Amino acid sequence: MTKVQNDPGFQLCYEPDYANADVAIRRHLAAGALLEVTEDGEYDMDFCLALCTWLREATPDCHLMLMCPENQQEAVNRAIAAKKQKLIDDFVFYDVSLDYLAASLQSL
1 MTKVQNDPGF QLCYEPDYAN ADVAIRRHLA AGALLEVTED GEYDMDFCLA
51 LCTWLREATP DCHLMLMCPE NQQEAVNRAI AAKKQKLIDD FVFYDVSLDY
101 LAASLQSL
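Numbering (the working numbering), first residue to last: 1 to 108.
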């Protein structure tokens, strides 16, 4: 994570309300967005994939990454399919290290 903190071209922003995702992306001129897929609850895979579809149209220059539960095979399969369909640019699992997550975000 230190590498990210020392990179003046890389800034992390947090928006907890997914309904404001497009506003946050535009406000911060975000090159990438990380969306967490919850294991249960409101922000499940269906919601996040629908949001990604909308964000692709609303903010086409923003790369999209999902963070999904590795223990839910259906979620993993859907993340793989979404990447193949270019609905998302990449995905990671919940248990990813901070260094790997930072590198993945920088690679977007």
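Think of the CB as a built atom: it goes at the ideal place given N, C-alpha and C, for glycine as much as any other residue. All values derive from a computational prediction rather than experimental measurement.
Taking Cβ positions, are L55 and A31 nearer each other than 9 Å? Against a cut-off of 9 Å, the Cβ pair of A31 and L55 comes out as no contact.
Measure the C-alpha to C-alpha separation of E42 and F10 and round it to an integer number of angstroms. Taking the straight line joining both Cα atoms gives about 29 Å.
Inter-residue Cα distance where the pair is M1 and Y14: Confidence at M1 is low in this model, with a pLDDT of 45, below 50, so its placement is unreliable and no value can be given for it.
Option nearest N71 by Cα separation, candidates H28, A21, K84, F93: Minimum Cα distance to N71 is reached at F93.
Quick one: what does DSSP say V76 is sitting in, helix, strand or coil? Here DSSP, grouped into helix, strand and coil, assigns V76 to helix.
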